[in-house]
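Read through the structure below, which is laid out as structure tokens, and then see the notes.
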Amino acid sequence: NIILKKKDEL
Amino acid sequence: MNIFRILGDVSHLLAMIILLVKIWRSKSCAGISGKSQVLFAIVFTSRYLDLFTNFFSIYNTVMKFVFLMCAYITVYLIYGKFRKTFDNENDSFRLEFLLIPVTGLSFLENQSFTPLEILWTFSIYLESVAILPQLFMISKTGEAETITTHYLFFLGLYHALYLANWIWRYQTENYYDQIAVVSGVVQTIFYCDFFYLYVTKVLKGKKLSLP
Numbered sequence: 233n234i235i236l237k238k239k240d241e242l
Numbered sequence: 424m425n426i427f428r429i430l431g432d433v434s435h436l437l438a439m440i441i442l443l444v445k446i447w448r449s450k451s452c453a454g455i456s457g458k459s460q461v462l463f464a465i466v467f468t469s470r471y472l473d474l475f476t477n478f479f480s481i482y483n484t485v486m487k488f489v490f491l492m493c494a495y496i497t498v499y500l501i502y503g504k505f506r507k508t509f510d511n512e513n514d515s516f517r518l519e520f521l522l523i524p525v526t527g528l529s530f531l532e533n534q535s536f537t538p539l540e541i542l543w544t545f546s547i548y549l550e551s552v553a554i555l556p557q558l559f560m561i562s563k564t565g566e567a568e569t570i571t572t573h574y575l576f577f578l579g580l581y582h583a584l585y586l587a588n589w590i591w592r593y594q595t596e597n598y599y600d601q602i603a604v605v606s607g608v609v610q611t612i613f614y615c616d617f618f619y620l621y622v623t624k625v626l627k628g629k630k631l632s633l634p
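Top to bottom, those sequences are chains A and B. Everything in the first sequence is counted per this note's numbering, starting at 233 for the first residue and increasing by one. Everything in the second sequence is counted per this note's numbering, starting at 424 for the first residue and increasing by one.
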């Protein structure tokens, strides 16, 4: 899931 | 998590700590743009709302919390505790020139039209321009204290390292996020001129002053 992946970044 | 990402986060944290230490030690926020700091507080607030909805890792949660705290404490020191030292006169960038286009763009260009996703996009776009009031202030007064330039250096380094992180993730995971990458490139470009002055002046022991 791309949205979850990017939200791991700060 | 790769080395660029972790070094990027460390640089980001270091930048915020340098700024806090500068203000705290000198008991003055002279030369610091309060508007940029308010924008950063808005950036973190709108981006980290997922603290309440998603859990990624202890690291992620702790860092988000620390970033939020640093941003709010900085704003408090500038507009509260040390407001008498705040250079209101030279902090004259018009925020509506940033906020209106950024808000509009985040509604137009996002991954999904949901409140959290629009706010996340808004925060990414806003972060890419949030430093402009600070850079504007320096160009207006024509100088910056050396410690302020260290702050800007680490903030710019964080953006550059995140670019390296995205290149790494694209190569190894075939992952990329267009919104974050384009904004990241834009904001890193804003720092190029400053990086040049930092290397040619500050690192050689001179104060950063513009002709």
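Glycine residues also receive a C-beta, built at the ideal position from the N, C-alpha and C atoms.
Are residue i and residue j close, meaning C-beta to C-beta below 7 Å?
i, j, result
"E566 of chain B", "S632 of chain B", "yes"
"L586 of chain B", "T564 of chain B", "no"
"L549 of chain B", "V466 of chain B", "yes"
"Y581 of chain B", "S434 of chain B", "yes"
"I426 of chain B", "G457 of chain B", "no"
"S551 of chain B", "S469 of chain B", "no"
"W589 of chain B", "V604 of chain B", "yes"
"L239 of chain A", "D600 of chain B", "Inspection of the sequence shows that residue 239 of chain A is occupied by Lys rather than by Leu. Not in contact: K239 of chain A and D600 of chain B (Cβ atoms no closer than 7 Å)."
"S529 of chain B", "F545 of chain B", "yes"
"Y619 of chain B", "F576 of chain B", "no"
Please state whether DSSP places residue i in a helix, a strand or coil.
i, result
"A453 of chain B", "coil"
"L631 of chain B", "strand"
"E241 of chain A", "coil"
"E566 of chain B", "strand"
"N597 of chain B", "coil"
"T572 of chain B", "helix"
"T476 of chain B", "coil"
"M424 of chain B", "coil"
"K624 of chain B", "coil"
For residue i, which residues in chain A fall below 7 Å Cβ to Cβ?
i, result
"A603 of chain B", "K238"
"Y598 of chain B", "K237"
"D473 of chain B", "K239"
Name the chain A residues that come within less than 9 Å of residue i, Cβ to Cβ?
i, result
"N483 of chain B", "K239, D240, E241, L242"
"N477 of chain B", "L236, K239"
Along chain A, which residues have their Cβ under 8 Å away from the Cβ of residue i?
i, result
"D432 of chain B", "L242"
Entirely enclosed alpha helix (DSSP H) segments - the segment 504 to 559 of chain B, minimum 4 residues: 519 to 531, 538 to 552
Please list the residues of the segment 535 to 558 of chain B that have a C-beta atom closer than 8 Å to any C-beta atom in chain A, keeping them in chain order. Within the segment 535 to 558 of chain B, the residues whose Cβ lies closer than 8 Å to some Cβ of chain A are S535, E540, W543, listed in chain order.
With 9 Å as the limit, tell me which residues of the segment 563 to 574 of chain B have their beta carbon closer than that to any beta carbon of chain A; keep them in chain order. none
Taking a cut of 7 Å between CB atoms, which residues from the segment 485 to 512 of chain B lie near chain A? M486, K487, F490
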